[in-house]
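In the numbering used here, the protein residues as written are 9 to 662.
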């Protein structure tokens, strides 16, 4: 009954439309079919005409279909028609050639269109990626440049591949990368455009064979909580798509998530496979630690990223043979073990030196490159025992000022208050007529630390008199936090203005008193490209920027367990990095000649791990890295002075 509802003509048209809508293959097959039909029809017609009107110009026995075939595919055959040919033969030949012209032109047009479509597809970034063991970056933001730069450095000794997929035009991504990075060296960069939550798109960029997946957040730290929540939800959806695309063998996933509850939720999607990072948390803790230890910023600059020294996980093929952690530190010449990675995945930094290493234990080792991790079954250098000091560092009162408010401010205030000795203070300075919720948040934090004085100040930053009355040169540190705004340049412009205002106050104070200002000035910069700008105009104080977080991203992308090391370092509990005066380790250190191995042994007497030395006489010399030497060889000699210090991993500051 349904077959009779439509005419044969309608059903044929419907079938033809469906067939042709399937794309290029259908069109190509249709053209081939028409060529065949034209060849058969015109060849048959040519044969019939020859029988009725014999053509003397065609030799007997000649295959007539051969003439028809050449006339269809070659329009030049028209000029080759013999003048003696009869009219019916010429007419058939002309019609055949005309049909051939139409079909051949259609075929050329089809091939041209398919070629253009292919080029267009390539430009749109829709083609499949056939790579293995590559780092897959899902999403595209300002952070991607720093991550790619670090991966390029990491791949210098060997080739590597980075694949980026984002909901952004491929040509725009390629142009942005080429404008920001001058030399890709041995790293191959591939970009693809498409939905980051599409399982099909993720499979198309080789997620089945990826070494790791980095999921970027499209929200900025300066955005509102509502914007961050939406962006975090999309990141979680992307992680779920990654898991669905790969199944049980999901590669390590490193994701940027702002909201704490979403971070915990993301890590439960696949246990042990998803590592989450929060820029605000990392930068806030880094700011506090580096501001309280002069020179520590240079140490972190060396550790974070691939240009200096990095964290590695190591276990020798021959096993540990019952060595304890204290002796182990002297079995490496150009690297330093900092802790253990247990079979459970737990990271234990600065374990007791008497601890015996089990055969399944790995060590967390600091080295310039994995090629410099040369383990010896015996000591590579025997340290000399010197008279050790029993002194303890007296932690003085500290007075810190936080200028501005953002999502890092509550963490910074709490971290400062948790570290400082009683009698210390931490103040907040914000623009007058700011959001009243800021005061409420500040008072809530202050109530948790009754032993630390915390003051809330509002001023008009345009008033030089109000700024002068704050007594800025009396603070231990002044930290300028980035404000809010839509663009990084807009945010940094305000920060730089605050920075220069305060720098001018310090210069005036130095002029009037004749004494250099000891206050350390720290500034947070959103766009790391502005770091060079500030340095060039003469501001050389340490800068906090998301560049550090991007470098950590790159390290974790190649080795996910490195994140656990950073988590331990940035927590107040457990061991942290300190730069401690040399007189805490040696009696009468002035003029004492020691090797670096001697310093390592001296630090062990205080249950610390020494992995560097700071020479006070070089702290202003940029060509000597401001006197900071990380993991020097164990046999290197130093003549100590009282203003020198050791760079150690320790549980306590004193």
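No residue lacks a Cβ here, since even glycine has one placed at the ideal position from N, Cα and C.
Here the structure is a predicted model, which is why all the values come from computation and not from measurement.
CA nearest to the CA of residue i, picked from the options
{"i": "residue 735", "options": "578, 215, 621", "result": "The requested residue 735 does not occur in the structure, where the chain is confined to residues 9 to 662."}
{"i": "residue 522", "options": "514, 528, 529", "result": "514"}
{"i": "residue 192", "options": "584, 211, 155, 592", "result": "155"}
{"i": "residue 619", "options": "613, 457, 641", "result": "641"}
{"i": "residue 3", "options": "586, 394, 481", "result": "There is simply no residue 3 to check, as the chain begins at 9 and stops at 662 in what is shown."}
{"i": "residue 372", "options": "347, 386, 364", "result": "347"}
{"i": "residue 387", "options": "37, 339, 296", "result": "339"}
{"i": "residue 406", "options": "389, 267, 445, 460", "result": "460"}
{"i": "residue 465", "options": "364, 438, 227, 602", "result": "438"}
{"i": "residue 182", "options": "364, 644, 200, 584", "result": "200"}
{"i": "residue 148", "options": "164, 204, 107", "result": "204"}
{"i": "residue 134", "options": "179, 649, 535", "result": "179"}
{"i": "residue 375", "options": "319, 325, 400, 471", "result": "319"}
{"i": "residue 323", "options": "214, 298, 349, 188", "result": "349"}
{"i": "residue 107", "options": "44, 381, 367, 414", "result": "44"}
{"i": "residue 606", "options": "335, 139, 277", "result": "335"}
{"i": "residue 616", "options": "293, 266, 361, 567", "result": "361"}
{"i": "residue 143", "options": "210, 150, 316, 482", "result": "210"}
{"i": "residue 440", "options": "411, 453, 432", "result": "411"}
{"i": "residue 614", "options": "657, 574, 236", "result": "657"}
{"i": "residue 170", "options": "208, 213, 202", "result": "213"}
{"i": "residue 471", "options": "510, 436, 317", "result": "510"}
{"i": "residue 197", "options": "230, 225, 158, 231", "result": "158"}
{"i": "residue 284", "options": "298, 297, 294, 269", "result": "269"}
{"i": "residue 300", "options": "528, 627, 565", "result": "528"}
{"i": "residue 391", "options": "136, 202, 611, 585", "result": "611"}
{"i": "residue 495", "options": "222, 228, 579, 220", "result": "228"}
{"i": "residue 137", "options": "280, 327, 208", "result": "208"}
{"i": "residue 609", "options": "436, 453, 450, 389", "result": "389"}
Residues bridged to residue i [DSSP beta-bridge criterion]
{"i": "residue 200", "result": "173"}
{"i": "residue 320", "result": "373"}
{"i": "residue 409", "result": "435, 486"}
{"i": "residue 645", "result": "603"}
{"i": "residue 352", "result": "Answer by DSSP bridge pairing: none, since residue 352 is not bridged."}
{"i": "residue 636", "result": "622"}
{"i": "residue 168", "result": "195"}
{"i": "residue 528", "result": "485"}
{"i": "residue 463", "result": "435"}
{"i": "residue 588", "result": "654"}
{"i": "residue 478", "result": "None; residue 478 has no bridge partner."}
{"i": "residue 347", "result": "357, 372"}
{"i": "residue 282", "result": "261"}
{"i": "residue 238", "result": "For residue 238, which the question treats as bridged, DSSP gives no partner whatsoever."}
{"i": "residue 332", "result": "364"}
{"i": "residue 594", "result": "396"}
Inter-residue CB distance, residue i and residue j (contact presumed, cutoff 8 angstroms)
{"i": "residue 634", "j": "residue 306", "result": "5 angstroms"}
{"i": "residue 287", "j": "residue 264", "result": "7 angstroms"}
{"i": "residue 314", "j": "residue 162", "result": "4 angstroms"}
{"i": "residue 145", "j": "residue 189", "result": "14 angstroms between Cβ atoms; not a contact."}
{"i": "residue 576", "j": "residue 355", "result": "6 angstroms"}
{"i": "residue 663", "j": "residue 582", "result": "In this structure the chain extends from 9 to 662, so residue 663 is not present and cannot be described."}
{"i": "residue 588", "j": "residue 648", "result": "Not really, about 13 angstroms apart at Cβ, beyond 8 angstroms."}
{"i": "residue 662", "j": "residue 400", "result": "5 angstroms"}
{"i": "residue 223", "j": "residue 258", "result": "Not a contact, Cβ separation roughly 12 angstroms."}
{"i": "residue 567", "j": "residue 383", "result": "Wrong, their Cβ atoms sit about 18 angstroms apart, outside the cutoff."}
Residue i, buried or exposed, once every other Cβ within 10 Å from all chains shown has been counted against 16
{"i": "residue 92", "result": "Here the model assigns residue 92 a pLDDT of 46, short of 50, so the residue's position is not dependable and the matter cannot be decided."}
{"i": "residue 501", "result": "exposed"}
{"i": "residue 428", "result": "buried"}
{"i": "residue 117", "result": "exposed"}
{"i": "residue 554", "result": "buried"}
{"i": "residue 630", "result": "exposed"}
{"i": "residue 643", "result": "exposed"}
{"i": "residue 71", "result": "Reliability of the predicted coordinates at residue 71 is poor, the pLDDT of 46 falling under 50, and no value is obtained from them."}
{"i": "residue 499", "result": "buried"}
{"i": "residue 351", "result": "exposed"}
{"i": "residue 532", "result": "buried"}
{"i": "residue 652", "result": "buried"}
{"i": "residue 18", "result": "exposed"}
{"i": "residue 364", "result": "exposed"}
{"i": "residue 10", "result": "Because residue 10 carries a pLDDT of 48, less than 50, the predicted location of this residue cannot be relied on, and the following value inherits that uncertainty. Exposed, since its Cβ has fewer than 16 Cβ neighbours within 10 Å."}
Exercise for the section: Report yes or no: do three or more beta-carbon pairs, one from the region 245-258 and one from the region 170-177, lie closer than 8 angstroms? Expected result: no
Within the chosen definition, does the region 483-503 reach the region 412-423 through at least 3 CB pairs nearer than 8 angstroms?
yes
- Using 8 angstroms as the Cβ pair cut-off and three pairs as the minimum, do the region 444-451 and the region 472-481 touch? no
Sufficient close CB pairs (3 or more, under 8 angstroms) joining the region 552-563 to the region 582-596
no
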